[in-house]
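Student: If you use the working numbering, the sequence shown corresponds to residues 153 to 433, in order. The beta carbon of each residue, even a glycine, is placed where N, CA and C say it ideally should be. Quick one: structure below, then a few questions.
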Amino acid sequence: NEVRWLSRHFALQAIIRNYEALTEYFEEVKSNDPISKYCHKKFTNIEYQIALEVLNDVLEELAALCKLLQRCGLIPLDALQFACGKLSKLRKQYLGDNVSWSDNVKALLCKTGEENIAVDMSFLLTFMNLLCVHLEERFSADEVQQWSAFDCSHGTEQVNALCSKYPVFLGENSVIVKQYNDFKFAVHGKLNANVADMVTFALQNDLAKLMDIGGTFLASSVDCEQGFSLMNSLKNKLINRLGECHLAMLMIIKSFQLDGGLISLDKAYTEWAVAHCENSR
153 NEVRWLSRHF
163 ALQAIIRNYE
173 ALTEYFEEVK
183 SNDPISKYCH
193 KKFTNIEYQI
203 ALEVLNDVLE
213 ELAALCKLLQ
223 RCGLIPLDAL
233 QFACGKLSKL
243 RKQYLGDNVS
253 WSDNVKALLC
263 KTGEENIAVD
273 MSFLLTFMNL
283 LCVHLEERFS
293 ADEVQQWSAF
303 DCSHGTEQVN
313 ALCSKYPVFL
323 GENSVIVKQY
333 NDFKFAVHGK
343 LNANVADMVT
353 FALQNDLAKL
363 MDIGGTFLAS
373 SVDCEQGFSL
383 MNSLKNKLIN
393 RLGECHLAML
403 MIIKSFQLDG
413 GLISLDKAYT
423 EWAVAHCENS
433 R
């Protein structure tokens, strides 16, 4: 009953730890079970065993990345840096001039050499290339390119572009551009002030709201842990129930509260219960 909660990495580790026992078992029952016969054929193939070891190494790297991406308070820019670092490591290890295999893989390769078994490793390198391409697409630098707007060495063009993406939540672009110019002018002085003054300055205008909205939507776009964790699967199911505009709804509520608005949870629940009852009928 607990097997379904195993991650791919844990499941593969269990197979590798019990590889010899599984091979012996499949050999015993292969005459009466076609599935066991197929598994025995695979398990006695040295290329298949090497592939499992390489896959285990890759999943270990991705699992480590998954843990990093689940850190509390992680921002999209940090997540991108972690992913790019892992991608660079995988490329250098497997797609460079000299492939750096793990010790377990090297031991299996030595075994094939001693037994004069020809092994084609090209399919593993093809897999690694596809994996790196996939990661590069998932964590594209273009996702955060517009955030260069908040680099004080840039002008107001990027800020205008960001404002135009969220007209529902923000006012006139010119107001935010002016606040941005004031921000660049005052930032050097504020950095020398105490933390309380810096926080007060950062939260008193619409520029902070733009960063908050952009960061929320950007985090969803990057979707850091997609494909890596069970929690993301649960999150996606909840998102599907909320509908496509769930982020817009959440940001409207958040903006309303930041502007001093009060939300009665009792009233909201009552209205939801009435609507739910009518839909049930």
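(1) ASN250 CB to nearest chain B CB: under 8 Å?
(2) To which residues of the same chain is PHE195 closer than 8 Å at the C-beta, ignoring the five residues directly before and after it?
(3) If we count the other Cβ atoms within 10 Å of its Cβ and call it buried at 16 or more, is LYS419 buried or exposed?
(4) For GLU291, collect the residues of the same chain with a Cβ closer than 6 Å to its Cβ; drop the 5 residues on either side in sequence, then sort them by chain order.
(5) Please return the same chain residues whose Cβ sits closer than 8 Å to the Cβ of LEU164, not counting the five positions on each side in sequence.
(6) How big is the Cα-Cα spacing for ALA371 and VAL181?
(7) Report the three-state DSSP secondary structure of GLY413 (helix, strand or coil).
(8) According to DSSP, is MET273 helix, strand or coil?
(9) Once DSSP output is grouped into helix, strand and coil, what is the label at GLN245?
(10) Measuring only the C-alpha atoms, how far is ALA427 from TYR421?
(11) Does PRO186 come out as helix, strand or coil in the three-state DSSP assignment?
(12) Using three-state DSSP, classify ASN197 as helix, strand or coil.
(13) List the whole-angstrom C-beta distance separating LEU247 from TRP253, where the pair is believed to meet the contact cut-off of C-beta under 8 Å.
(14) Cα-Cα, which of VAL257, VAL271, ASP249 is closest to ILE168?
(15) Indicate the three-state DSSP secondary structure (helix, strand or coil) for GLN310 in the structure shown.
(16) With the cut-off set at 8 Å, would you say ASN312 and ASN333 are in Cβ contact?
(17) Which class does TYR171 belong to by DSSP, given the choice of helix, strand or coil?
(18) Tell me which residues share the same chain as GLU239 and place their Cβ nearer than 8 Å to its Cβ, disregarding the 5 neighbours each side in the sequence.
(19) Report the residue from THR278, ILE198, LEU282, PRO186 whose alpha carbon sits nearest the alpha carbon of GLU267.
(20) Would you report the Cα separation of HIS192 and ASP185, rounded to the nearest angstrom?
(21) DSSP three-state call for LEU322: helix, strand or coil?
(22) To the nearest angstrom, how far is it from the Cα of ASN281 to the Cα of LEU217?
(23) Under a three-way DSSP split, which group does ALA163 fall into?
(24) Which of helix, strand or coil does DSSP assign to PHE178?
(25) Restricting to Cα atoms, I'd like to know which of LEU229, LEU277, GLY237, ALA259 is closest to ASP249.
(26) Among the candidates ILE404, LEU214, CYS429, whose CA atom is the shortest distance from the CA of TYR318?
(27) Suppose you measure from the CA of SER274 to the CA of ARG223; what does that come to, to the nearest Å?
Tutor: Based on what the coordinates show:
(1) The chain inventory of the structure shown lacks chain B, comprising one protein chain alone.
(2) The residue given as residue 195 occupies position 43 in the sequence shown. Within the same chain, PHE195 has close Cβ partners TYR171, LEU174, THR175, PHE178, GLN201.
(3) Residue numbering aside, residue 419 sits at position 267 when the sequence shown is read from its first letter. It counts as exposed.
(4) Numbered from its first residue, the sequence shown carries residue 291 at position 139. Per the sequence shown, the amino acid found at residue 291 is Phe instead of Glu. Contacts found: LEU232, ALA235.
(5) By 1-based counting over the sequence shown, the position of residue 164 is 12. LEU204, LEU207, ASN208, LEU211.
(6) Position 219 of the sequence shown, counted from the first residue, corresponds to residue 371. Position 29 of the sequence shown, counted from the first residue, corresponds to residue 181. Reliability of the predicted coordinates at ALA371 is poor, the pLDDT of 42 falling under 50, and no value is obtained from them.
(7) Here the question's residue 413 lines up with position 261 in the sequence shown. GLY413 sits in coil when the DSSP states are folded into three classes, being neither helix nor strand.
(8) Residue 273 sits at position 121 when you count from the first residue of the sequence shown. Coil.
(9) Locating residue 245 in the sequence shown gives position 93, where the first residue counts as 1. Residue state, collapsed to three classes: helix.
(10) Locating residue 427 in the sequence shown gives position 275, counting from the first residue. Locating residue 421 in the sequence shown gives position 269, counting from the first residue. Rounded to whole angstroms, the separation of the alpha carbons of TYR421 and ALA427 is 10 Å.
(11) The count along the sequence shown starts at 1 and reaches residue 186 at position 34. In the structure shown, PRO186 sits in a helix (DSSP, three-state: H, G or I).
(12) By one-based count along the sequence shown, residue 197 stands at place 45. DSSP places ASN197 in coil when its eight states are reduced to three.
(13) In the sequence shown, residue 247 corresponds to position 95, counting from 1. In the sequence shown, residue 253 corresponds to position 101, counting from 1. Contact between LEU247 and TRP253 does not hold, since their C-beta atoms are separated by about 13 Å, which reaches or exceeds 8 Å.
(14) By one-based count along the sequence shown, residue 168 stands at place 16. Considering only alpha carbons, the answer is VAL257.
(15) In the sequence shown, counting from the first residue as 1, residue 310 sits at position 158. Helix at GLN310.
(16) Counting from 1 along the sequence shown, the entry for residue 312 is found at position 160. Counting from 1 along the sequence shown, the entry for residue 333 is found at position 181. For ASN312 and ASN333, no; Cβs fall outside 8 Å.
(17) Here the question's residue 171 lines up with position 19 in the sequence shown. Looking at TYR171 - three-state DSSP - the assignment turns out to be helix.
(18) One-based indexing of the sequence shown puts residue 239 at position 87. The amino acid at residue 239 is misidentified as Glu; the sequence shows Leu. Excluding sequence neighbours, LEU239 sits near CYS284, LEU287, GLU288, PHE291.
(19) Start at 1 with the first residue of the sequence shown, and residue 267 comes out as number 115. Selection THR278, ILE198, LEU282, PRO186 evaluated against GLU267 yields ILE198 as nearest (Cα-Cα).
(20) For the purposes of this step, residue 192 is taken as residue 40 along the sequence shown, with counting starting at 1. For the purposes of this step, residue 185 is taken as residue 33 along the sequence shown, with counting starting at 1. Computed Cα separation, rounded: 11 Å.
(21) What you label residue 322 is simply residue 170 of the sequence shown in a count that begins at 1. Of the three classes helix, strand and coil, the one that applies to LEU322 here is coil, per DSSP.
(22) Start at 1 with the first residue of the sequence shown, and residue 281 comes out as number 129. Start at 1 with the first residue of the sequence shown, and residue 217 comes out as number 65. Answer to the nearest angstrom: the Cα atoms are 18 Å apart.
(23) As a working mapping, residue 163 is identified with position 11 in the sequence shown. Correct three-state label for ALA163: helix.
(24) Mapped onto the sequence shown, residue 178 falls at position 26. Three-state result, PHE178: helix.
(25) For this step, residue 249 is matched to residue 97 along the sequence shown. The candidate whose alpha carbon is nearest that of ASP249 is LEU277.
(26) For this step, residue 318 is matched to residue 166 along the sequence shown. Ranking ILE404, LEU214, CYS429 by Cα distance to TYR318 puts ILE404 first.
(27) Along the sequence shown, one-based indexing puts residue 274 at 122. Along the sequence shown, one-based indexing puts residue 223 at 71. If I take the Cα positions, the gap works out to 36 Å.
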